[in-house]
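Asks: Take the sequence shown: its letters are residues 161 to 312, numbered as in this note's numbering. Virtual Cβ for every residue (Gly too), placed ideally from N, Cα, C.
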Amino acid sequence: MSRTIVLGVVVAAIGAGIYYYLNQPEPTPAERLQSAAQDAGDAVSDAVESVTEQASDATDQAGQAAADLANQAGEEVAALAEQGQDLLNSWIEEGTLTVQNFDYDAMVASVQDSALAQDMKTKAISILDEIKASPDLFAAKLQELQALLQGQ
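(1) Can you tell me which of A300, D296, D265 puts its alpha carbon nearest to the alpha carbon of I314?
(2) Assign V166 to buried or exposed, taking buried as 16 or more other Cβ atoms, counted over all protein chains shown, within 10 Å of its Cβ.
(3) On the three-pair Cβ rule with 8 Å, is the stretch 208-217 touching the stretch 240-260?
(4) Check this for me: beta carbons of Q272 and K283, under 9 Å apart or not?
(5) Return helix, strand or coil for L257, following the three-state DSSP convention.
(6) Counting only the same chain and skipping the five closest in sequence on each side, list residues whose C-beta sits under 7 Å from that of Q306.
(7) Exposed or buried, which one is I178 when buried takes at least 16 other CB atoms within 10 Å?
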């Protein structure tokens, strides 16, 4: 008997649900408009959130790329300074960069054969030209050449 009561309650509940669903009034135009506005607001909110997230990701990526480029540039500058210092050291060791033994041709050749950037090569050769033209400027031009080749 208790099964019959439970089955009756279930059938009554299902019947009440069907009755409620079938007799539910149609939404009014104002309710439809409010529902559409709510849906549009949700869509705009989702779009803004998505765009903000994408912009944040793009900013992070751009920042990382800039940091990578700065590190790479720093490493390249350090490598150029090391190459310039090596070149200067070789001239001193070989004795080609002294007032008594200024070997212009050997130094110009070593600059041209070096891995220095072209603008550094041009500046170094220009300083060597000035030393050759005016040996009395040797000390001042030597400091200028050292500063250039040491990346200062």
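Replies: Taking the geometry as given:
(1) What is shown of the chain runs 161 to 312, which leaves residue 314 out entirely.
(2) By the 10 Å Cβ count, V166 comes out exposed.
(3) At 8 Å Cβ cutoff, the stretches do not touch.
(4) Contact flag unset, no.
(5) Reduced to three states, the DSSP call for L257 is strand.
(6) For Q306, same chain residues with a beta-carbon under 7 Å away, outside a window of 5 residues either side, are L248 in chain order.
(7) Exposed is the call here.
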